[in-house]
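Student:
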């Protein structure tokens, strides 16, 4: 008996959709995440050898970039819409600390490790640092705030959600800086060559100032426009329909329009989502937008993580050495927690909140996007080891945070403990 490939595809797709709908409920109270299960499924399915498809991202570099890009921008829309807290300097203090202090420290430390411990070129070390510094907005669902208006917005959840929303756009200047270093190395024939002053000036003016500014402005303008379409057009307000499809359309329009003017689309999507949420902040339509974006996001997450598991089964990590594994562990267990803890020095969070905000910076699909983007737009030489190191860090993060996130968040949010338990003081800063 021969099976129709089309029917097999429909069967597999239906199974994936059912798992996406059911697994979050089944895993809700377990120290196990959807991400871990998806990776295990990918390893198991591709290890059987019945599929004539190699999911190695090095083989499908452009497809990897586009698929991970799609997942990230949809996750950013969902993250922005579900934040209840209005924007403000003091109200968002934990986010600014993680973005302005923890992220640059993490990039600097990983870049130094890349050169000194891994023996990578300056360009490749900087690309690795830019890819592994951001907290992932896709895989951090277990530590993010709850749906709009749910009240699930403790300080740790808010800090990690807001950081993940902003830093995926703010990592891009360093990805572009890695491209500048790669071009300088190729021109000089020296992997340790530094860019010229003109290259630094162009990077600062274009990749830092213009692209960030364009992302902020486009996100705010288009977010205002989407708010007008949803809530203000007489007789045809989208909010009256309860149709969450607007979340997907707004994501694509904001992202592409911002990229047209060479701004950072990731940053624009998150700003647009925050701006949209600020219109009629307590309206039930925001819940519909969030729920639709989350459903699409979960389906794409499962697809990417199953392929990631397949890539592991196909040998993605085969080029790793024990020293590489040790560096990956240092990146995940030492650099990010310490950088995050330093950034929280002097804040009014409790000790537990500071350490959890610093330690639960999950690495994931966004890291794959930045590596693919950098390799597709610059000359970095052989990418095998770079992909292996990135894949190892993401796999470690998926396992470690997937097991630890649920019990840690339940521990800090226990009613008898409380986020601001009376008498608890931050003796050690």
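In the working numbering, the protein residues as written are 11 to 439.
Glycine included, each C-beta is placed from N, C-alpha and C at the ideal position.
In chain order, what residues of the same chain lie with their CB nearer than 6 Å to the CB of residue 309, ignoring the 5 residues before and after it?
Tutor: Within the same chain, residue 309 has close Cβ partners 30.
Student: What is the rounded straight-line gap between the Cα of residue 323 and the Cα of residue 78?
Tutor: C-alpha separation (whole angstroms): 20 Å.
Student: Rounded to the nearest angstrom, what separates residue 357 and residue 236 at their Cα positions?
Tutor: If I take the Cα positions, the gap works out to 35 Å.
Student: Could you name each continuous alpha helix (DSSP H) segment of 4 residues or more that falls completely within the region 31 to 81, going from the start of the chain to the end?
Tutor: List check, alpha helix (DSSP H) in window: 44 to 57.
Student: I'd like the span of the alpha helix (DSSP H) that includes residue 112, first residue to last.
Tutor: Element bounds for residue 112: n/a, residue is neither H nor E.
Student: Below 6 Å CB to CB, which residues in the same chain sit around residue 163 once its five sequence neighbours on both sides are set aside?
Tutor: 94, 155.
Student: Is the distance from the Cβ of residue 188 to the Cβ of residue 136 below 8 Å?
Tutor: A contact, by the Cβ cut-off of 8 Å.
Student: Apart from the five residues on each side of it in sequence, which residues of its chain come closer than 6 Å, Cβ to Cβ, to residue 210?
Tutor: There are no such residues.
Student: Using a Cβ-Cβ cut-off of 8 Å (strictly less than) and excluding sequence neighbours within five positions of residue 227, which residues of its own chain qualify?
Tutor: Here the set comprises 273.
Student: Spatial neighbours of residue 421 within its chain, please: C-beta separation below 7 Å, excluding the five flanking residues on both sides.
Tutor: Closer than 7 Å at the Cβ level, and outside the excluded window around residue 421, lies no residue.
Student: Would residue 325 pass as a contact of residue 148 if the rule is Cβ separation under 8 Å?
Tutor: Going by C-beta atoms, residue 325 is not nearer than 8 Å to residue 148.
Student: Could you name the residues of the same chain whose beta carbon sits closer than 6 Å to that of residue 320, not counting the 5 residues immediately before and after it, in chain order?
Tutor: Cβ within range, chain order: 52, 56, 65.
Student: I think residue 353 touches residue 112, with their Cβ atoms under 8 Å apart; what is that distance to the nearest whole Å?
Tutor: Sure, about 4 Å apart at Cβ, within 8 Å.
Student: Kindly list the residues whose CB is nearer than 7 Å to the CB of residue 117, restricted to its own chain and excluding five residues on each side of it in sequence; keep chain order.
Tutor: Here the set comprises 139, 140, 143, 184.
Student: Thinking just about the alpha-carbon of each residue, which of 410, 408, 389, 278 is nearest to the one in residue 186?
Tutor: Nearest option by C-alpha distance: 389.
Student: So for residue 386, helix, strand or coil by DSSP?
Tutor: Helix at residue 386.
Student: Just to confirm, are residue 295 and residue 279 a CB contact at a threshold of 8 Å?
Tutor: Not closer than 8 Å, so no.
Student: Taking all protein chains shown into account, decide if residue 411 is buried (16 or more other Cβ within 10 angstroms of its Cβ) or exposed.
Tutor: When all chains shown are included, residue 411 counts as buried.
Student: Give the single residue among 158, 318, 17 whose Cα lies nearest to the Cα of residue 74.
Tutor: Of 158, 318, 17, the residue nearest in Cα terms is 318.
Student: Any Cβ of chain B within less than 8 Å of the Cβ of residue 100?
Tutor: Annotation note: the requested chain B is absent from the structure, which comprises a single protein chain.
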